[in-house]
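Participant:
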Amino acid sequence: MIDYSLYSKQMVLPGFGLVQQQRLLQAKVLVIGAGGLGCPVIQYLSAMGVGTMGIIDDDIVEKSNLHRQILFGVNDIGSLKVDVVNKLLNERNPSLQIHTYPYRLTNRNALQMIASYDVVVDATDNFETRYLLNDACVLLDKPFVHAAIFAHEAQLSVFNYGPINERTTYRDAFPTPPQTGEVPSCADAGVLGVYPGIIGCMQALEVVKLLSGCGKVLQNKILIYHFLTHQSYTIQLTRNALIQYPSREQLLAADYTVTCAF
Amino acid sequence: MQITLLVFGVLNDILPPQTMVLPAGADTHQLQQLLNERYPDLEKYQYVLAKNQQLIHQHQPINEGDEIALLPPFSGG
Numbered sequence: 019m020i021d022y023s024l025y026s027k028q029m030v031l032p033g034f035g036l037v038q039q040q041r042l043l044q045a046k047v048l049v050i051g052a053g054g055l056g057c058p059v060i061q062y063l064s065a066m067g068v069g070t071m072g073i074i075d076d077d078i079v080e081k082s083n084l085h086r087q088i089l090f091g092v093n094d095i096g097s098l099k100v101d102v103v104n105k106l107l108n109e110r111n112p113s114l115q116i117h118t119y120p121y122r123l124t125n126r127n128a129l130q131m132i133a134s135y136d137v138v139v140d141a142t143d144n145f146e147t148r149y150l151l152n153d154a155c156v157l158l159d160k161p162f163v164h165a166a167i168f169a170h171e172a173q174l175s176v177f178n179y180g181p182i183n184e185r186t187t188y189r190d191a192f193p194t195p196p197q198t199g200e201v202p203s204c205a206d207a208g209v210l211g212v213y214p215g216i217i218g219c220m221q222a223l224e225v226v227k228l229l230s231g232c233g234k235v236l237q238n239k240i241l242i243y244h245f246l247t248h249q250s251y252t253i254q255l256t257r258n259a260l261i262q263y264p265s266r267e268q269l270l271a272a273d274y275t276v277t278c279a280f
Numbered sequence: 393m394q395i396t397l398l399v400f401g402v403l404n405d406i407l408p409p410q411t412m413v414l415p416a417g418a419d420t421h422q423l424q425q426l427l428n429e430r431y432p433d434l435e436k437y438q439y440v441l442a443k444n445q446q447l448i449h450q451h452q453p454i455n456e457g458d459e460i461a462l463l464p465p466f467s468g469g
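As structure tokens, this is what we get:
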């Protein structure tokens, strides 16, 4: 029996009612990465009643995570992130299905992992996983919501969504993967604790829009947001005819750790 | 002709956003060559170009008043 009173304050909103709430409750979302972006995505999607969530991350909690990865506290240092998340979410909203996977997304497990979910959230901190999940989502016909942060700026986009001949992907935007070390991660470039909170909530909102049909999804666009000025800049994205995607066999044989290629 | 150049992400460390004067008839390829001469470190980075908020997949002519953005991928999550 579903207790809709949990969600009553969002169900009274114009444009979001019982039908939209039911779509969330029936949805299956896979969050790749339980770090700075993953934490706000996971906690808001579960609070809002996304019925099934998968969370994949092989990391353990470190002291330097705590200022931005706010599902974790000092007592969790050394624990697997997915174990802490699993326990918390079950306490907060036991009616939801939570599946946790304490390993990395690889070319060997990606297709199997993603196949049973409706939407994928790219909350990763590295390009090999991002290009891999991009290609796996194209093969499996799944939309994915991307966000990434560099210093005081963030990018947000919904890829592989919309009419099939207009869909764009991360490879349409960035056909050539950067070299290792060329683009520093949050851990290396620095990040104010609130930044992934802000952009992760925007990422969660795109998932909700996509699932519920409420609002306009950020497809075929890249939103660039500057935290210190609140200025945003939107770039329109079209298909790049030169981009090729791997077949299932090519993806299974690829080594994304070297070139993000297949 | 005068254009506006916007710069995002890691490229902020290489060059500032600015207005630039380009020779008449210049295209995005010539703009990139000019930027590489002025800011040699730029060649070390992957980035894409957007013209008037539209990402371009091939080099295109530039017109007076165009806004060109240099967008690298962002990593962190």
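Keeping their order, the protein sequence lines are chains D and Z. With this note's numbering applied, the first sequence has no gaps in its numbers, which climb one by one up to 280 at the end. With this note's numbering applied, the second sequence has no gaps in its numbers, which climb one by one up to 469 at the end. We treat Cβ as the ideally placed atom computed from N, Cα and C, and that holds for glycine. Please read these numbers as outputs of a predicted model, since none were measured by experiment.
1. Consult DSSP for GLU456 of chain Z and reduce its assignment to one of helix, strand or coil.
2. Listing by chain order, which chain Z residues have their CB less than 7 Å from the CB of LEU354 of chain D?
3. For LYS81 of chain D, name the three-state secondary structure that DSSP assigns.
4. Assign GLY72 of chain D to one of two classes, buried (16 or more other C-beta atoms within 10 Å of its C-beta) or exposed (fewer than that).
5. Quick check on the burial criterion: 16 or more other C-beta atoms within 10 angstroms. Buried or exposed for LYS160 of chain D?
6. Answer yes if the region 184–196 of chain D comes into contact with the region 123–134 of chain D, meaning at least three C-beta pairs across the two stretches below 8 Å, and no otherwise.
7. For chain D, check one thing: does any of its Cβ atoms lie closer than 8 Å to the Cβ of GLY457 of chain Z?
8. If I measure Cβ to Cβ from CYS57 of chain D and keep anything under 6 Å in the same chain, skipping five residues before and after, which residues do I get?
9. Quick test of the definition: if touching needs 3 or more C-beta pairs under 8 Å, does the region 406–416 of chain Z touch the region 213–233 of chain D?
10. In the structure shown, what three-state DSSP assignment does VAL235 of chain D receive?
11. Please decide whether TYR437 of chain Z counts as near chain D, where near means a Cβ-Cβ distance under 8 Å.
12. Check whether the Cβ atoms of SER175 of chain D and ILE240 of chain D lie closer than 8 Å to each other.
13. Under the DSSP definition of a beta bridge, which residues are partnered with GLN115 of chain D?
14. What residue from Z:ILE454, Z:ILE460, Z:THR396, Z:GLU459 has the CA that sits closest to GLY417 of chain Z's CA?
15. For GLN237 of chain D, count neighbouring Cβ atoms within 10 angstroms of its own Cβ and tell me buried if that reaches 16, exposed if not.
16. Measuring only the C-alpha atoms, how far is ALA207 of chain D from PHE168 of chain D?
17. ASN183 of chain D CB to nearest chain Z CB: under 8 Å?
18. Residues bridged to LYS443 of chain Z by DSSP?
19. For ASN258 of chain D, which residues from the same chain have a beta carbon less than 7 Å from its beta carbon, with the 5 sequence-adjacent residues on both sides left out?
20. Please confirm if PRO202 of chain D has its CB atom under 8 Å from at least one CB of chain Z.
21. Measuring straight from C-alpha to C-alpha, what distance separates GLN173 of chain D and GLY218 of chain D?
22. Rank D:VAL92, D:GLY69, D:ILE216 by C-alpha distance to the C-alpha of GLN115 of chain D and give the top, closest one.
Facilitator: If we stick to the structure as given:
1. To locate residue 456 of chain Z, count along the second sequence from 1; it is residue 64. Correct three-state label for GLU456 of chain Z: coil.
2. The question about residue 354 of chain D has no answer, for chain D in this structure spans 19 to 280.
3. Along the first sequence, read from residue 1 onward, the residue named residue 81 of chain D stands at position 63. Helix at LYS81 of chain D.
4. In the first sequence, the residue the question calls residue 72 of chain D occupies position 54. Under this definition GLY72 of chain D is a buried residue.
5. As a first step, residue 160 of chain D must be located in the first sequence, where it is residue number 142. Residue environment for LYS160 of chain D: buried (at least 16 other C-beta atoms within 10 angstroms of its C-beta).
6. The answer is no - the region 184–196 of chain D does not touch the region 123–134 of chain D, with fewer than three Cβ pairs under 8 Å.
7. As a working note, residue 457 of chain Z is residue 65 in the second sequence. Not an interface residue.
8. For the purposes of this step, residue 57 of chain D is taken as the residue at position 39 of the first sequence. Answer for CYS57 of chain D: GLN87, ILE88, LEU89, listed in chain order.
9. Of all C-beta pairs linking the region 406–416 of chain Z to the region 213–233 of chain D, fewer than three are shorter than 8 Å, placing the two stretches out of contact.
10. The residue you call residue 235 of chain D lines up with position 217 of the first sequence. DSSP places VAL235 of chain D outside both helix and strand once states are collapsed to three, so it counts as coil.
11. Your numbering for residue 437 of chain Z matches position 45 in the second sequence. Yes, its Cβ sits closer than 8 Å to a Cβ of chain D.
12. Residue 175 of chain D sits at position 157 when you count from the first residue of the first sequence. Residue 240 of chain D sits at position 222 when you count from the first residue of the first sequence. A Cβ-Cβ contact shorter than 8 Å links SER175 of chain D with ILE240 of chain D.
13. The residue you call residue 115 of chain D lines up with position 97 of the first sequence. Beta-bridge pairing links GLN115 of chain D to D:THR70.
14. On the second sequence, residue 417 of chain Z is found 25 positions in, with the first residue counted as 1. Selected option, being the one with the closest Cα: Z:ILE454.
15. Start at 1 with the first residue of the first sequence, and residue 237 of chain D comes out as number 219. Buried, by the Cβ-count rule.
16. Indexing the first sequence from 1 puts residue 207 of chain D at position 189. Indexing the first sequence from 1 puts residue 168 of chain D at position 150. Distance between the alpha carbons of ALA207 of chain D and PHE168 of chain D is about 7 Å.
17. As a first step, residue 183 of chain D is located in the first sequence; it is residue number 165 there, counting from the start. Taking a beta-carbon distance threshold of 8 Å, ASN183 of chain D does not count as an interface residue toward chain Z.
18. Walking along the second sequence from the start, residue 443 of chain Z turns up at place 51. Residue pairing for LYS443 of chain Z: DSSP places it in a beta bridge opposite Z:GLN446, Z:ILE460.
19. Your numbering for residue 258 of chain D matches position 240 in the first sequence. Result list for ASN258 of chain D: ASP190, PRO193, in chain order.
20. Within the first sequence, numbered from 1, the residue matching residue 202 of chain D stands at position 184. By the rule that beta-carbons nearer than 8 Å mark a contact, PRO202 of chain D touches chain Z.
21. Working through the first sequence from its first residue, we reach residue 173 of chain D at position 155. Working through the first sequence from its first residue, we reach residue 218 of chain D at position 200. Each residue's CA atom was taken as its position, placing GLN173 of chain D and GLY218 of chain D some 11 Å apart.
22. The residue labelled residue 115 of chain D in the question sits at position 97 within the first sequence. Nearest C-alpha to GLN115 of chain D: D:GLY69.
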